[in-house]
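Chemist:
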């Protein structure tokens, strides 16, 4: 009752199919799994028609028509009404007709294509900038196709199947990468985008090739693993081509910013997402995108990743981040503190809450993504070490590289922080623990069993009032918990509503 579903029709009056269209008939007229034994004996009601209409049952038994299933798609967890994008594209001066389709890369990732009819073609970047002012980022097409006329069927309807595929070989003349780094980037682009490497030229735009912000994060990760350079999402948006990006990487001098906005929801409550161990805030970008209607999300970036001098004291690191968080709170005139941290980021968040409580704040909420409190737990402390070989394998870089030496220093500092306790027990902070229920492949059976029997991950030990602690089980391992994005969002929204 009330749930939206697709309408199927069977019984008397059902036609035999589409005239002279055997393929479409087979696609739309399906065997009826609900046919009764009595109907089978009569040879009646053996097929049903897949209408493509979305409907829902109302309390009185009526069906309410919602729209066409063809025009609603799900991309990156969002249900998108393609008609909204078509209307926005149609409002661009000079465009007479528009249609938007969802397509799929060979890598399995879906993307949007905007088709339009106009006297002249428009710069794709101009269209994207215009639509970005009207629509959320995830609704802006990755590619545009200019047509003089839309293809039509014999009965005068738009023939969507006849619309041409977007050209993902770039708009400029093909120039092959020649330098080692350029060739390396072309291979990375190819892997992330699911395109043949020989089709990617020096001046081809990552986003015009079908990339999006999620794929940009994958791109950054692969560049980091293969070059040892940790660039930012902003660098991808600025240096969209292999030619420009290779120059950025060769001359890279990272500028450290403690807090970076992850979405533009300026009127919503602030939501601070603290970096995990050995990583930056980029891991939260997709989560922040999907929370844009509810929160103004900020990423707290890792101090130790960017500085030679490492901070290995939990309180000192938390105080450093808190100074910047309070500045954002002051500027936006907000008193409620909401933080989220995965793993080590959760421990840092708890210490930030401890400092806030010392300063008299009581309206604090923390989401912990499988954070373990290791302090005074000898079993957990045994897990806080990696050999050079294991670390090299995990980072995918050789032991004798500069990047390996740097990351080993980062890990040493973070291991020291992970075994420290927060400075005072929390009295007022609302804590929501999302506990990963699956073990890692490289974990021993005994370690997995021990962690699973810790119902609260020892978080209860740092709270004076356990009534403020909620625990949710997540069907994922510690390392893969962010992949359960929808579950995390549902929990955040549920806790917000309560």
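Numbering (the numbering used here), first residue to last: 51 to 548.
Quick reminder that beta carbons are idealized off the backbone N, C-alpha and C, glycines included.
Note that this is a predicted model, so its numbers are computed, not measured.
1) Since residue 233 and residue 255 should fall inside the 8 Å C-beta cutoff, what is the C-beta to C-beta distance between them, to a whole number of angstroms?
2) Do three or more CB pairs link the region 132–148 to the region 169–181 at distances below 8 Å?
3) Is DSSP giving residue 431 helix, strand or coil here?
4) Quick check: the Cα distance between residue 221 and residue 196, rounded to an integer number of angstroms?
5) By Cβ distance below 8 Å, which residues in the same chain neighbour residue 184 in space, the five residues on each side in sequence not counted?
6) Our contact map puts residue 283 next to residue 292 with C-beta atoms below 8 Å; I'd like the distance itself, whole angstroms only.
7) Return yes when the Cβ of residue 324 is within less than 8 Å of the Cβ of residue 388, no when it is not.
8) Roughly how many angstroms separate the alpha carbons of residue 299 and residue 199, rounded to a whole number?
9) For a minimum of 4 consecutive residues, which ranges assigned as the alpha helix (DSSP H) are wholly contained in the region 326–358?
10) My output table needs one value for residue 290: the three-state DSSP class, helix, strand or coil.
11) Quick test of your reading: residue 79 and residue 97, contact by CB under 8 Å. State the CB separation rounded to the nearest angstrom.
12) Between which two residues does the beta strand (DSSP E) holding residue 311 run?
13) Pull the bridge partners of residue 60 from the DSSP assignment, please.
14) Please state if the CB of residue 518 and the CB of residue 510 are separated by a distance shorter than 8 Å.
15) Just the Cα atoms here: how many angstroms apart are residue 281 and residue 357?
16) With DSSP collapsed to three states, give me the class of residue 247.
17) Within the same chain, show all residues whose beta-carbon is closer than 8 Å to that of residue 385, passing over the 5 residues directly before and after it, in chain order.
18) Can you name, in chain order, every residue of its own chain whose Cβ lies under 8 Å from the Cβ of residue 82, other than the five neighbours on each side?
19) Within the same chain, show all residues whose beta-carbon is closer than 7 Å to that of residue 74, passing over the 5 residues directly before and after it, in chain order.
20) Which of helix, strand or coil does DSSP assign to residue 543?
21) Beta-carbon separation of residue 351 and residue 306 under 8 Å?
Modeler: By the coordinates alone:
1) The pair is not a contact, with the Cβ atoms about 18 Å apart (cut-off 8 Å).
2) yes
3) Shown here, residue 431 sits in a helix according to DSSP, grouped into three states.
4) Note on residue 221: pLDDT 47, under 50, position unreliable in the model; the coordinate value appears next. Going from the Cα of residue 221 to the Cα of residue 196 covers about 13 Å.
5) Correct list, in chain order: 138, 141.
6) Not really, about 17 Å apart at Cβ, beyond 8 Å.
7) No, these two residues do not count as a Cβ contact at 8 Å.
8) 43 Å
9) 335–340, 353–356
10) coil
11) 5 Å
12) 309–311
13) Partner(s): 98.
14) no
15) Straight-line measurement puts the Cα of residue 357 at about 15 Å from the Cα of residue 281.
16) Secondary structure at residue 247: helix, using DSSP grouped into helix, strand and coil.
17) 379, 411, 413
18) 60, 95, 96, 97, 98
19) Its chain contains 68 as the residues whose beta carbon lies nearer than 7 Å to that of residue 74, once the 5 sequence neighbours on both sides are disregarded; these appear in chain order.
20) helix
21) yes
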